[in-house]
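Protein chains in written order, with my numbering: chain A, 94 to 590; chain B, 42 to 385; chain C, 431 to 757. Glycine included, C-beta positions come from ideal geometry on N, C-alpha and C. Model, not experiment: these values are computed from the prediction.
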Amino acid sequence: MGEIILTMKGIDKTFPGVHALDNVDFELCRGEVHALMGENGAGKSTLMKVLTGIYKKDKGTIIYDGKTVEFTNPREAQQAGIVIVHQELNMLGHLTVAQNIFIGREFMKGIRIDDERMNVEAARLFKRLNINIDPTEKMSNLTVGKQQMCEIAKAISHEAKIIVFDEPTAALTESEVNELFEIIRDLKKKDIGIIYITHRMDEIKLITDRVSVMRDGAYVGTLISKDSTKNDIVNMMVGRVIYEEPKTESKVAEDAPVVLKVEGLNAGKLVRDVSFELHKGEILGFSGLMGAGRTETAKAIIGADPKESGDIYVNGKKVEINTPEDAVKCGIGYLSEDRKRYGLMLQRNVAENSTITFLENFMKGIFIDNKKENNETEKYIESLAIKTPGIDQLIINLSGGNQQKVILTKWLVRNCDILIFDEPTRGIDVGAKSDIYKLMNELVKEGKSIIMISSELPEILRMSDRIIVMCEGRKSGELRIEEASQEKIMHLATLRN
Amino acid sequence: MSRQIQNIPASSNKSIVQRLGGQNVVVFLIVVALFGFFCIVSPNFRRYSTILSILDYSYYITLIAIGVTFPLITGGVDLSIGTGLICYSLIGGYLVVYQGWPVWIGMIVCVLCGAIIGFINGFLVGTMNLPPFLATLCTMMMTRGLGSICSTGLGIPWPTAGTEGGWFRTIFKLNIGDMKLPLGFLWILLLTALMSFVLNHTKVGRYIIAIGSNKEATRLSGINTKYIYIAAYVISGTFAGLASIAYSAIFASVYPGTGAGFELEGIGGAIIGGVSMTGGVGSITGTLLGVFVICILKTGLPFIGLQANWQQIITGIVLITAVLIDLSRNVKGTKSITTAFKKR
Amino acid sequence: MYRIRQSPLVKKIGFNRIVLFLVLLAMYCFFAVFAKNFVSYNRLLSAMNYAYFLGFLSLGVTFVIATGGIDFSIGPVMFCAAIMSGYLLTHYHWPLWLCLISSVVIGMLYGTLNGYLVAYKSVPSFITSMAIMQISKGVASVFTKAQSVSWPQLVQENGWYRNLIKTRVGNTYIPVGMIILLTTAIICAIVLNKTKMGRYLLSLGSNKEAVWLSGVNVKKWEMIAYIICGTLAGIAAIFFVAAYTTVQPGYGDQYNNEAIAGCVMGGTSMGGGLASIGGTFIGVMIISILQEGILAIGLNKNYQLVITGIIVIVAVYLDVISRQKRN
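This is the structure in structure tokens:
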């Protein structure tokens, strides 16, 4: 590890309703791989966005290479030598590898782009990094792993001094991960500083020098990787206030009937031979890393994605679910993880969003019974404590937590007995989170059954009666809450076959 | 020590490489097959004069098709090329026929008008962020009205061959003694080669493809997308201007109120030739071939007894079929690896 | 200004609609001043001739735009319906009432084809509508062997359909057409805002995926929007021939743009999910008065084309900006 190349001190950033970064410090040395860890919503991405100029910080200083800097857009940061390799690759699929690397700064021969020279330079670059990729190949033809390597090569060609990796191994196979690590070790030798954002504990010891942990927007502390234990890190990530204590025993009766049985579900790469049962009054947690296939499983169950094979039984009876319409008729409701894209009709108001699942219930002849609609919605606004200035308020004006409650409302209006929550508290502030947990508990007490997909381990441990862990499309394990722990879940989540 | 990266399955490698080269081959075969079909079915079709006819009527469509390929590759569209080409011809023609301007200046005016409307389109789409089909729909309306206003509602007969000023017609149709040479086809080939170069080997062309592939990523790479949009639509407009010259050269007179529907043939030809509506994919040679599919159909159908009106119906059906094929192609193509990242 | 916007009366009628109405009045006054003999009942009736068929086209396309789609085929489809049913009348001597019905049915069939391709085959709506535009022009031409068709005059046998536009009572004319248009507009408004179908259409226009996941058969409802549009185009055909008698195959495009313009001007968002029948109505009036006024000043139709093009650009630009702000 060389001398310090980056110091971020006292970084503070607030969005409306959310204190995203609370006086955060971070330091990076040349030739160091410094991991940045924390739960979803801890602020890791936000911190990096502040660094690279995507967001403007409210307070704090950034000292880079000895100078105080403030970037106003990612291009400035890039030109200064700070590059992010994003999770969602920013690439031009229709162009070749070499064309992607040199986009915006092509070599010219007169007015003609010198593609040949670009290919040669790209090949040279790959040789330096010991990567074996054909520069004339079309980007969209490569596997994710190779696309990522092109992105890294692009960063190097920008003379990057700092490279930020955002969840780089999320979609890589084991051999690709090894290749990535080789490249990272090479980069270290070249004195490039690396910030490595990850959820994966097992990678910490393998490739990182130090690890910094953030929690709820605040900086918790930094450990030296080889001296730290998983427990240390987990403690820092998770140390919480009392109301989040994990469930100690299942509240489900021993003889509770099976309300949903899924057998041998196959749907694409990410749902391979998945089978499980859901009991009445149970909260079944679905845990796993990103890319594990949990959302895909849910979408295959409700008919939103086509499935290759698999049987679904609701209350013991086999059902054919090919479209979401079928699923809803069977009493299965799905709250998707991306509210804005899949859950809400943004131009419509609260009442309309609440009743879309069950309009038949609100008809007076051929007309919509607005009064009944409003009354019903009011009932739920009260019982779910939804904060809105009025029923006819456009849903886009509500906060994330309240939007989520409205989405829940529409499934309750339909009286769905089986509810699948996909990342129910993502992007929701602490207060609303606790409301949602309370609601879920009330729902199961009334006899409904819930599948909860979540990437937040404390949430899984707090709410679930049983936990199913998925890894790369397969169910890697099942735990009863009495025997579950963060370590066991993480172990199963990284258990590749 | 270089690592062995796990191999890409050979089939997917070939399918994309083959796609643009391969697609062109397929379209070429369709052209040949159609031509052969009409030759066999109708003896009258197998004449040199028929080939001349096909070529004559192909020039203006080919030119607008080549031009519109560029906005299409950015993922947009230019609907103003049809009524536009009539408008530019009317404006240029009015100056020549009723104001006595020399023909060569009239031709320049045609092209200039096209470029100006193209600039407006590019501005509306790239800077004001209007949806391309709506923006160009409006300019389509406006050029329809404009052309008529400028020609005061009259049809314009550009100078005929043989008269002073009629020389411009020989650019496309050269008569040497008894031989009638479709000179226009030569220009088309040259322009195809030129624009192919522009698309594949100049910055403008490269960035047009980039925008069509991923607008946001292109923007983040520091490229000024506003200029690129303007470039794409100016190219389209300029070629509509060139097409207006071709149209005037082939037809005796140009009438206001015509032109609606040409854009469909141009866009249809481009799509048949492999341009994807979603952007990022396209070749000029492909467009050329695609247009010929439509031209042969247009010319050939009357020979088997179908009136010219059927051509419109057929064009519509062909367009839908081409798009359906394009869609199914894309579904396969975009099952790409980047979508894996979006999964949890 | 802000306080005016927030007052309950304004909110109920809609700020956009009020502005639009003022624009309409301003335009009328402009023409009243600058054109000869503009302010007269007859002049108004003449302007309304344009408004009727355009109004039905606009009402129809409002449903399609509400679902987030677009339909460029309405003009040519209207013409095709008018031509084919007129040909049935003049050459095959079908009874008039049957011809009127067949006009509507023809429009409905095109709408069904359009809707099927968009909803079930996922073809982008502007492609299908452009293709159908071509197909309908061709069909019309083939059917009548490229001839134009003239519908009967009022005094001729079978001329009674002209009373659908206006009917003479004593010395004055009653604008029957306006009554029919208004009634249809009111029915459309009720359907869009108060029935299950309207709710589904607006919802799927706002977020098709979310509505689908909520268990609604979005394909069916999306197709129905296009069927409605086609049917209204078929009705529009009747009003067109009642006013203008002759229809030629191969034309009809320019009415597309004006119908869509009227709709978008009125506050219906091109992005889907928001629609205003009342706004569409006023938008159509603006275009009709504009059309009549420009003729009255002595300029020809082409100026109106150019001006309408500019108006649509402005209207859509405002829509784009307001959507950007909302997101």
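Quick one: which chain B residues come within Cβ less than 9 Å of residue 199 of chain A?
-> Chain B residues near residue 199 of chain A: 244, 247.
Do residue 105 of chain A and residue 150 of chain A have their CB atoms nearer than 8 Å?
-> For the pair residue 105 of chain A and residue 150 of chain A, the CB atoms are nearer than the 8 Å cut-off.
Chain B contacts from the stretch 551 to 570 of chain C (Cβ-Cβ distance under 9 Å) = For chain B, the residues of the stretch 551 to 570 of chain C that bring a beta carbon within less than 9 Å of one of its beta carbons are 551, 552, 553, 554, 556, 557, 558, 560, 561, 562, 563, 564, 565, 566, 567, 568, 569, 570, in chain order.
Segments of 4+ residues assigned as alpha helix (DSSP H) that fall wholly inside the stretch 582 to 630 of chain C = Counting whole runs of 4 or more residues, the stretch 582 to 630 of chain C contains the alpha helix (DSSP H) stretches 606 to 624.
Can you tell me whether DSSP reads residue 169 of chain A as helix, strand or coil?
-> Collapsing the DSSP output to three states places residue 169 of chain A in a helix.
What are the boundary residues of the beta strand (DSSP E) that includes residue 564 of chain A?
-> Where residue 564 of chain A is concerned, the enclosing beta strand (DSSP E) stretches over 559 to 564.
When the Cα atoms are used, what is the spatial distance from residue 234 of chain B to residue 243 of chain B?
-> Distance from the CA of residue 234 of chain B to the CA of residue 243 of chain B, rounded to the nearest whole angstrom, comes to 13 Å.
According to DSSP, which residues form a beta bridge with residue 355 of chain A?
-> For residue 355 of chain A, which the question treats as bridged, DSSP gives the partners A:369, A:405.
Secondary structure of residue 529 of chain A, DSSP reduced to three states | Three-state result, residue 529 of chain A: helix.
From which residue to which residue does the alpha helix (DSSP H) around residue 179 of chain B run?
-> Per DSSP, residue 179 of chain B belongs to the alpha helix (DSSP H) from 173 to 191.
Classify residue 394 of chain A as helix, strand or coil using the three-state DSSP reduction.
-> Three-state DSSP puts residue 394 of chain A in a helix.
Find out if the Cβ-Cβ distance for the pair residue 331 of chain B, residue 313 of chain B is shorter than 8 Å.
-> Going by C-beta atoms, residue 331 of chain B is nearer than 8 Å to residue 313 of chain B.
Does any CB atom of chain C fall closer than 8 Å to the CB of residue 460 of chain A?
-> Yes, its Cβ sits closer than 8 Å to a Cβ of chain C.
Quick one: any contact between the stretch 519 to 539 of chain C and the stretch 345 to 360 of chain B, if contact means 3 or more CB pairs under 8 Å?
-> The stretch 345 to 360 of chain B and the stretch 519 to 539 of chain C do not touch, with fewer than three beta-carbon pairs separated by less than 8 Å.
Interface flag, residue 138 of chain B vs chain A, CB-CB below 8 Å = No, its Cβ sits nowhere closer than 8 Å to a Cβ of chain A.
Contacts that residue 683 of chain C makes with chain B (C-beta to C-beta distance below 7 Å) | Simply 301.
Find out if the Cβ-Cβ distance for the pair residue 72 of chain B, residue 333 of chain B is shorter than 8 Å.
-> Residue 333 of chain B sits close to residue 72 of chain B, with the two beta carbons spaced by under 8 Å.
Under 8 Å between beta-carbons, which chain B residues line up against residue 637 of chain C? List them in chain order, please.
-> Correct list: empty, because the minimum Cβ distance to chain B is about 18 Å.
Measure the CB-CB distance between residue 307 of chain A and residue 135 of chain A and report whether it falls below 8 Å.
-> Yes, they are a contact pair.
Three-way DSSP call (helix, strand, coil) for residue 152 of chain A in this model = DSSP places residue 152 of chain A in strand when its eight states are reduced to three.
Whole-Å CB distance - residue 386 of chain A paired with residue 553 of chain A, under 8 Å assumed | Wrong, their Cβ atoms sit about 16 Å apart, outside the cutoff.
Contact set for residue 542 of chain A: own chain, Cβ-Cβ below 6 Å, skip 5 residues either direction | Hits under 6 Å: 352, 371, 373, 375, 511.
Could you pull out every residue in the same chain whose Cβ sits closer than 6 Å to the Cβ of residue 231 of chain A, ignoring the five residues on either side in sequence?
-> 189.
Cβ of residue 212 of chain B within 8 Å of Cβ of residue 131 of chain B?
-> No. Outside cutoff.
Along chain A, which residues have their Cβ under 8 Å away from the Cβ of residue 392 of chain B?
-> No answer is possible for residue 392 of chain B: it lies beyond the span of chain B, which begins at 42 and ends at 385.
Same chain only: Cβ atoms within 6 Å of residue 498 of chain C, ignoring 5 sequence neighbours per side | 635, 702.
So is residue 271 of chain A buried or exposed if we call it buried at 16+ other beta carbons inside 10 Å?
-> Residue burial is scored here from C-beta neighbours: residue 271 of chain A has fewer than 16 other C-beta atoms within 10 angstroms and is therefore classed as exposed.
List the DSSP bridge partners of residue 104 of chain A.
-> Residue 104 of chain A is bridged to A:117.
Nearest-angstrom Cβ-Cβ length linking residue 156 of chain A and residue 100 of chain A, presumed shorter than 8 Å = With a Cβ gap of about 4 Å, residue 156 of chain A and residue 100 of chain A count as contacting.
Identify which residue in B:161, B:336, B:311, B:257 has its Cα closest to the Cα of residue 326 of chain B.
-> It is B:311.
Pick from A:177, A:131, A:159: whose alpha carbon is nearest that of residue 147 of chain A?
-> Answer by Cα proximity: A:177.
Do we get a CB-CB distance below 8 Å when we pair residue 357 of chain B with the residues of chain C?
-> Chain C contact via Cβ: present.
Answer yes or no: does any C-beta atom of chain C fall closer than 8 Å to that of residue 198 of chain B?
-> For residue 198 of chain B, the answer is no, since every Cβ of chain C falls outside 8 Å of its Cβ.
Hey, does residue 703 of chain C have any beta-carbon neighbour from chain A nearer than 8 Å?
-> Yes - at least one Cβ of chain A is within 8 Å of the one on residue 703 of chain C.
Establish whether the CB of residue 364 of chain B and some CB of chain C are separated by less than 8 Å.
-> In terms of beta-carbon proximity, residue 364 of chain B lines the interface with chain C, with at least one pair separated by less than 8 Å.
Between residue 218 of chain A and residue 249 of chain A, is the Cβ-Cβ spacing less than 8 Å?
-> Result yes, Cβ atoms of residue 218 of chain A and residue 249 of chain A sit closer than 8 Å.
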